[in-house]
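Student:
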């Protein structure tokens, strides 16, 4: 593969405090498209140059660009204004000064938003060996960080056991849809209840194995949840949204139950929507709430990926991805990403640049 003469990338132009402006032609756009000349002589020892193949879209990226956040309170360094926007993705090596990688290798790492990237060794998670019959997108969803997030959050943090009951919010989303499958088909949960934003999304969630999915926009939300629980309480609540759904589920988790605090997407663009009013439930019912970042379990990735790979091969879990091909129009990368906050379709959202 020929080397590029320039690298085109999306950079953070104006770090947001509330809303994000993803249209690059607007004066107050959060992002900007930049180009810089490339010469292979610029590549340093141990670095590799990759062509972006697929880019992961994740809600957590919103936190990486928030203006005024204290870096000491973040699990990754924030993106600074003028810097390339970070994103997990899959790249194909086109030039290498690292003996561990050669031209044509596929790597999973922090490729960011752009057509090509120059990566340091610490920005590469792993080299990918794509198995026959497995779509490349699966390595960003069921067999990638999304699958790992569901796996460790459900099994290690939530400590879900066979025969127990789990509730999961944003159940039609990338992580939530994998939580449903891990809980039901790997752990053997007695009951899995999901929340999603439409009746169609709920049908999708139930097709993955959920016993019941509730449209959180319904008027009788609490009554539907109580009916699904059949008078009992949940052992585990896997929280991806925060806010009102978290408040409700804190009242429906059993004594000494567990809450997996994986995300709070309801408040990423408006923190006021993340308020919790049922904190007393945690005290009176001795509920364990644990914040969770999948990077905490990096040493256990091989074990988890082996389990997920086996389940995928046996048909117990599915790759439910939507790959949006922007055909080289990099200006669309932020727009595709922002669909995460606008009620996108079910499953994992991936960009093909």
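Residue numbers (this note's numbering): 280 to 632. Glycine included, each C-beta is placed from N, C-alpha and C at the ideal position. A quick note: this is a predicted structure, and the numbers were derived from the prediction, not measured.
Please list the terminal residues of the continuous alpha helix (DSSP H) segment that includes residue 402.
Tutor: For this step, residue 402 is matched to residue 123 along the chain shown. From DSSP, residue 402 is part of no alpha helix (DSSP H); its letter is neither H nor E.
Student: Please state if the CB of residue 603 and the CB of residue 630 are separated by a distance shorter than 8 Å.
Tutor: As a first step, residue 630 is located in the chain shown; it is residue number 351 there, counting from the start. As a first step, residue 603 is located in the chain shown; it is residue number 324 there, counting from the start. Contact flag set, yes.
Student: Could you tell me whether the Cβ atoms of residue 517 and residue 452 are closer together than 8 Å?
Tutor: Reading the chain shown from its first residue, position 238 is the one you call residue 517. Reading the chain shown from its first residue, position 173 is the one you call residue 452. Cβ distance not < 8 Å, so residue 517 and residue 452 don't count as in contact.
Student: Spatial neighbours of residue 610 within its chain, please: C-beta separation below 7 Å, excluding the five flanking residues on both sides.
Tutor: One-based indexing of the chain shown puts residue 610 at position 331. The residues are 303, 312.
Student: Per DSSP, what kind of secondary structure is residue 344 in: helix, strand or coil?
Tutor: Taking the first residue of the chain shown as position 1, residue 344 is located at position 65. Of the three classes helix, strand and coil, the one that applies to residue 344 here is coil, per DSSP.
Student: Might you give, ordered along the chain, the residues of its own chain that have their beta carbon closer than 8 Å to the beta carbon of residue 588, omitting 5 neighbours on each side?
Tutor: Taking the first residue of the chain shown as position 1, residue 588 is located at position 309. 410, 422, listed in sequence order.
Student: Can you name, in chain order, every residue of its own chain whose Cβ lies under 6 Å from the Cβ of residue 406, other than the five neighbours on each side?
Tutor: One-based indexing of the chain shown puts residue 406 at position 127. Result list for residue 406: 384, 386, in chain order.
Student: Assess contact between the region 462 to 477 and the region 439 to 446, defined as three or more Cβ pairs (one per stretch) separated by less than 8 Å. Is contact present?
Tutor: Counting C-beta pairs closer than 8 Å gives three or more between the region 462 to 477 and the region 439 to 446, which meets the contact rule.
Student: By Cβ distance, which residues of its chain are closer than 7 Å to residue 364, with the 5 residues on each side in sequence left out?
Tutor: What you label residue 364 is simply residue 85 of the chain shown in a count that begins at 1. Within its own chain, the residues whose Cβ lies closer than 7 Å to the Cβ of residue 364, once the five positions on either side in sequence are excluded, are 289, 290, 291, 310, 358, 391, 392, listed in chain order.
Student: Buried or exposed for residue 334, please, with buried defined as at least 16 other CB atoms from any protein chain shown within 10 angstroms of its CB.
Tutor: Working through the chain shown from its first residue, we reach residue 334 at position 55. Under this definition residue 334 is a buried residue.
Student: Count the other CB atoms, across all protein chains shown, that sit within 10 Å of the CB of residue 499; report buried if there are 16 or more and exposed otherwise.
Tutor: Counted from its first residue, the chain shown places residue 499 at position 220. Label assigned to residue 499: exposed.
Student: Looking at the strands, I want to know which residues DSSP matches up with residue 494.
Tutor: Looking up residue 494 in the chain shown gives position 215. The partner list for residue 494 (beta bridge, DSSP) reads 475.
Student: Between which two residues does the beta strand (DSSP E) containing residue 538 stretch?
Tutor: By one-based count along the chain shown, residue 538 stands at place 259. First-last of the beta strand (DSSP E) with residue 538: 532 to 540.
Student: Would residue 430 and residue 577 be called neighbours here (beta carbons separated by less than 8 Å)?
Tutor: As a first step, residue 430 is located in the chain shown; it is residue number 151 there, counting from the start. As a first step, residue 577 is located in the chain shown; it is residue number 298 there, counting from the start. Against a cut-off of 8 Å, the Cβ pair of residue 577 and residue 430 comes out as no contact.
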